[in-house]
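Numbering (UniProt numbering), first residue to last: 1 to 1058. From the three backbone atoms N, C-alpha and C, an ideal C-beta is built for every residue, glycine too. See structure below.
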Amino acid sequence: MRRDGDLQPNSKIGSVVLFRKYHPGTRPYFQDMFYDATTIMARTRRPGLASFMFTFTTNPYWPEISRNFFHKGQKIVDRFDILCRVYADKLRKLHFLLNKKHIFGKILGYAESMEFQKRIGGPHLHRVFCVDTEATPENIDGLIWAHIPEKPADSDKSAWANFIRKVLELLPKFQIHDCGEHCKGSNGRCLKGFPKPYSRTTILHANKPAEYKRPSPEDGGHTLTLEYGSTETTYTNSRIVPYNPYILVMFECHHNLEYAYGQSDNLKYALKYPFKGPSFSYIKCQDGTVSIDEPAQYARMLYRSPPEAHCRIYSQRYAYLSHTVIPLSIHLPGEQNIYFKDAEKLNNAANGILPETHLTQYWKMWKNNEIDKNIFYENMPEKYSWNDKDKIWKPRIFSTRKKNIENRKITIGRIYTVSPREPERFALYVLMRHFPGDPDHLKNINGTFCDTFADAARMRGLFEDNSVWEKTLKEASNSLLPSQMRSLFVNILIHGSTQNCVIDSLSLWEMFKEHMIDKRNCTDAVKLRRIDRALAIIERYLFANGKQMKDYRLPLPSNSLTDDPNKAVDEFFFPTHLNDDDVDETVDTSFEKAKLNPEQENFYKLVLDAVMDPNSINRLFFLSGDGGTGKTFLLNFLLFNLRRLGNKVLATASTGIASTKFYAGGMTLHSAFRLGINHEPDQIPSIPVQSYFGRRIIESNLIIVDEITMLEKTVLENVDKLCRIMVPKNQHLPFAGKVVIISGDWKQSLPVVKNSRSPEAQVAVCLQISNLYPMFHKTRLTQNMRLQPSEIQFKEWLYKLGTDTSGDKIAIPKSMIVESREELIEFVFDKGFDIPSSDMLKRLMLTPLNRSVDLNNSIVLSSFNTESMDYYSIDKCTNENPLSPYAADSDVAGLNKLTPAGIPAHHLHLKVGSIIVLLRNLNTSKSLCNGTRLIVKKLQTNLISAETICGSNTGMTIGISRVCNSYVDERPDGVSFERFQFPVREAFAMTITKAQGQTCERLGIDLSDEPFAHGQLYTALSRATNSKFIRVFAPNKPTDKDGNVLINNVVARGLTFD
C-alpha cells in the first residue's frame, strides 16, 4: 500500500477509510481531475498553435452588486451571495465569448478551476486552453498586451480612439502591479517577477515564459502617472500585468493572460490552488497501530470562506474540462477484478467464468479484426462507446445536426497508471501505450515469442535490462574497430549507470577485452602487451573525466597514471598522439609552416613576450574580430608553438563544440576548472592541490578561453579566484599572474539568462560588465580570411548589422530570399541528399527556435527512403510523491511527454544517412561533445554507428550507446527524472546559438520565427564563407520598395564592439 511510507518501522496499518475520486473537493477528486486535464491538453495541443493561461477575477465594485443590496448601509461582506451570483453571470458571458465566439481562436481543449482570493475573498477562475490560432509573435501581440497604449489625440473621436481611452482609464485600476511587502520574498525581490524586463518585441520561447512587447521609455514606451495624495508615481511598461484589452473593457476587472509555453507547468498553476486544502497527517496510536480515516480528518480540518461555502451550497463546480475522459484499466490476462453482488456471480467466478472488461473486449475485437489494427487501447473511447450492460464496445453514432455538432463534448480515453512495483502489469501498461494488439501480438518481437510482458518490454528497449551493456558491446564488436570499442566501453562506464541498472564493469571487460585490442599477428606475449596498452588508454580516458580505474574495479595497467601523476599531467600538456590509436596518429604539425598576417604576428609576439617574461606588465589579452579574421587559426598557432617551446597551455572554450576547434587538448572551461552548472558568485570548486586537476591548473603558463561572449562574468571571476587560491604566493595578481587569452566577437550571442532573453538582461551578466574586463589588453583582427575581395561589401554590411543598436529592421537582400521551406531545404542539401559525408560539414540550416528546428528536421527526414529504427526511452521519476495532486507528472506517461532542453526525446525515429547531433560531452579529446554533428551509418537495437562531420576528427566512426540523462527541476513542484536514451537528436537544422563557432559553405536560414536575442541574426549570417551561398526563408515578413525583406535585428545597448 503506497500510503504506508510515513509509518514508523514498528507500526502497522489499522482501519482504513479513504475518499474516492467521485467525492468532489477531496484530494483523490482533484488528483483524478489533474490526470484528466493533462490527458486533454496532451491530446489537443498542436505544434505551432497557441495555448494560453487565463486568470479572471472578481471586481467587488461591479455596479450589479451594489444595485442588489437591500439598503444603502450594506457592504460586500454582508452579501457574498450577490457577489457570487454576479460573478457566475459574468462567467457565463466569458464562457460564451471564449467557447462560442472564439475571441482567441477556436477552442481545441481547455481545463479550468475555481479559486477563492486569499481564502476569504471572491472567486476567480484559472483556465488553460489551446486554440487553432498560429503561435506567432504577431498573433500574440494582437491578443496579449503588456504595454501602455499611446493616448489618442483629443481631436480623434473614432471608435478605436474611445476604446483606447477606456483602456487607459482601466489600466491603473486593474492591471498595474505595484510591489509591496505582501509580494516580496526573503531576498527582497518580487515573487511575481516585477518589474519585468523591457522588450522591444514579443518573443515566444518553447521552455520559458514569453517576453511580451514592453518597450522602455528610451524605445518609445509610454508611461502612466498616478497621484497618491500629494505624491506622484510614474509607471512604465515593466509594471503592466499582461491583459487582453477587449476583456478589460468588457468586464472591468483584473485578469492575467499569459502565453502557455510548457508541457504541464501551466496546468499545475491552473489547478493547484484548490489543492491547497488541509494537509492530511496520520495519527500514531499508543499500540503502534495507525488508522487512516480521511473523511474524519477532512471534516475536522476543513475551512471554507463564505464565498466558497455559497458556491458549494449551490453546487457550482470545482473544475470544468472540455472533454469527457473515460478511464481505462490495465490488468493481466485472467486477472481482472471481480465484484460480487449475488450468488450467481460468485458461482460464475468459482466456475472460471470471468467478466468482460474494456481491455478484454479490446483484445478480442483486435484479434478478430473487428477494429482497425492500428487503433490503440486508449483511443477506443473516441470511436466506440462502452455498453456496460452487455459489456461490449459499440461504434459511436454521431448526430449530423449542426447544433448537436457544436454542443458535442468529445470523448477521449485515459489509461489508469500502473505502479512499477508491479513489474508484469507495469510492462503490459508500457507496451499498450506504445503498441496496439492483444497479448500474443505484444509478446511477439520480430518472430521471437516472449514468456512474459516484462521480457517483451526489455526486448523493445522499454524496460531496464542489466544485460543491455552486454548486448550493446556484442553488437558493436561485429563492426567497430578496437579503438572505437574502447571509447564506447568508457562511455558506458561513465554515462550508463542508472538507479536500477548498475554496470558490472569487470565482467564486461573480461567478456570483450579481446575486441578492444588489435588481434592481427597476436601471439600470447603480444596479446598481453596489447591488453596492457588497452587498459592504459582506458585509464587515460577515465582520468580526463575525473575517474580512476578503481572506481570501476578494473585492473591497473603497468606504469599506471595512479602511480605517476606527473606523467598524467605531462601527457595532458604535451600530447604525442590522440590518446587512442590503432594507427599511431601524431598531432597536426602543419602550423610549423604556417604564416601569420601582420595583425596576427603582432598579437603572437605580445603573448610570447608575456609567457617568456614572468615580470611582463601585460599578461591579460582579449582577442576579437569578425567571423573569418583568423582568431581560431591564431590561437592554434599559439598553442602549437608555445607547447613546442615547453610551455604548458590550458586550451578551453565556453562550449564543447567550440573546444573541438583546437588542434589537440581542447576542453570546456567548466571541465578544466571543475566548475558546476550554477554560476553563483564565489562558488569556487574545491580542488586538492596535489590532484591531477589541481596540478594542471597550478602548472599551466597560459590559459586560453575561446567564445568568451557566451560566458557569464561570474564564471571567469570564479576562475580568477580559483587560480589565486591554487597559487597563494601570487594571490595579489589577477589569475595568480598567469597569462590569459580570452577570445570572442561581441556581435555574436551573449550568455543565456534564466527566464529572460532581453538584451539588457544578457548585457548585465556578460564579461564586459566585470571588473576584470578593463584589465585585458584588447586586440581586434580586421583582415578577413574567409571573404574574397568581391565580398568586402558583404563584410561591411555584416559589421553594420552586428553593431546597429537602433532597433530598426534590417533589409535582407532579395537575392538571398527563397519563397518556401522546401526551396530552402533543396538549396542546402540538393535534391537527392546524395552528398559525401565530408561535404555535409559544409552545409547547415539555422533557425532561432527549436520548434522550427523540429519542423525542418521532420521534413528532411521524411524524404529519406533508407533503413529506419524507432528508439523509446526508459523514464523514471527521481522525486516521486504518490500523494501529490501532481502525481500525474511522475507517471511514466507524463514523463514520456517531457523533453527539457538538453534531454533527448522519449521517441527517436532515425534513418540511415540522417544527420544527428550529440547532446552530451562524451569524449572532448575526440571531438565528441555537445553539439558535434554526425551522419548515421548503421542502426542496431542497442547501438548507433555514426561518422563525425565536424570538429578536429571529421570522418571518424564511433559507436553511440544509450546513456542515463538526468534532469533536475529545482522548482518546489517540479519534476525531476532520469531518461535512459541515446543522447542524440536530428540535426539537419540547428538553432543559431548551437551553431556559434561553426562555419559552412552553404547556409540556409529559416526566419519564420524572427531573431529575438542579441547577435542572433549576425551569428547566423556570418557562418557562411560567401554571401552567394546564403538563402533565407522569411514568410509573411514586410518588404521595402526594392523587394528586400525586413527582419528584426536585436543588438544590445551598452556593449563596446572595438
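- Counting only the Cα atoms, residue 379 lies some 12 Å from residue 434.
- Cα atoms of residue 512 and residue 494: separation of roughly 17 Å, rounded to the nearest angstrom.
- Approximately 5 Å separates the beta-carbon atoms of residue 131 and residue 104; this is inside 8 Å, confirming the contact.
- Residue burial annotation: residue 302 is exposed, with fewer than 16 other C-beta atoms found within 10 angstroms of its C-beta.
- For residue 646 and residue 665, the gap between their C-alpha atoms comes out near 15 Å.
- The criterion of a C-beta distance shorter than 8 Å is not satisfied by residue 491 and residue 809.
- Around residue 680, the same chain offers 714 as residues with beta carbons nearer than 8 Å, after the five sequence neighbours per side are excluded.
- A straight line joining the alpha-carbon of residue 364 with that of residue 474 spans about 39 Å.
- For residue 123, the enclosing beta strand (DSSP E) begins and ends at 123-134.
- Around the C-beta of residue 361, 16 or more other C-beta atoms lie within 10 Å, and the residue is accordingly described as buried.
- With respect to the C-alpha of residue 567, the residue from 965, 540 and 99 having the closest C-alpha is 540.
- Apart from sequence neighbours up to five positions away, no residue of its chain approaches residue 63 with a beta-carbon distance below 7 Å.
- About 13 Å separates the CB atoms of residue 807 and residue 214; that is not less than 8 Å, and the two are not in contact.
- Straight through space, the alpha carbons of residue 179 and residue 226 are spaced by roughly 15 Å.
- Setting aside the 5 residues that flank it on each side, residue 753 is surrounded in the same chain by 761, 762 and 765, each with a C-beta closer than 7 Å to its C-beta; the list follows chain order.
- Contiguous alpha helix (DSSP H) elements confined to the segment 598-671 occur at 598-612, 631-644 and 656-659, taking only those with 4 or more residues.
- Listed in chain order, the non-local C-beta contacts of residue 408 below 8 Å within the same chain comprise 398 and 399, local neighbours out to five positions each way being set aside.
- The count of Cβ pairs closer than 8 Å, one atom from the segment 630-649 and one from the segment 683-692, stays below three, leaving the stretches out of contact.
- Membership of residue 308 in any beta strand (DSSP E) is not indicated; the residue belongs instead to the alpha helix (DSSP H) covering 306-313.
- Inter-residue distance for residue 898 and residue 129 is about 19 Å (C-alpha atoms, whole angstroms).
- Relative to the Cα of residue 978, the nearest Cα in the group 955, 905, 85 and 1011 belongs to 905.
- The straight-line gap separating the alpha-carbon atoms of residue 1010 and residue 1047 is approximately 7 Å.
- Shown here, residue 777 sits in a strand according to DSSP, grouped into three states.
- Pairing residue 184 with residue 768, the inter-Cα distance amounts to about 30 Å.
- Contiguous beta strand (DSSP E) elements confined to the segment 210-240 occur at 224-228 and 231-235, taking only those with 3 or more residues.
- With contacts defined as CB atoms closer than 8 Å, residue 28 and residue 34 fail to qualify as a contacting pair.
- The C-beta distance from residue 415 to residue 377 rounds to 7 Å, short enough to fall under 8 Å.
- One Cα belongs to residue 733, the other to residue 724, and the distance between them is close to 8 Å.
- With 16 or more other CB atoms across the displayed protein chains lying within 10 angstroms of its CB, residue 534 is buried.
- Annotation note: the segment 909-977 contains no uninterrupted alpha helix (DSSP H) run of length 4 or greater.
- Taking C-beta atoms as the reference points, residue 604 and residue 639 fail to come closer than 8 Å.
- The DSSP-derived three-state label of residue 981 is strand.
- Only buried fits residue 944, as 16 or more other CB atoms lie within 10 angstroms of its CB.
- Put simply, the backbone Cα of residue 710 is about 45 Å away from that of residue 161.
- In this structure, DSSP gives residue 160 a helical state, which the three-state scheme calls helix.
- Taking the CA atoms as reference points, residue 92 sits about 24 Å from residue 78.
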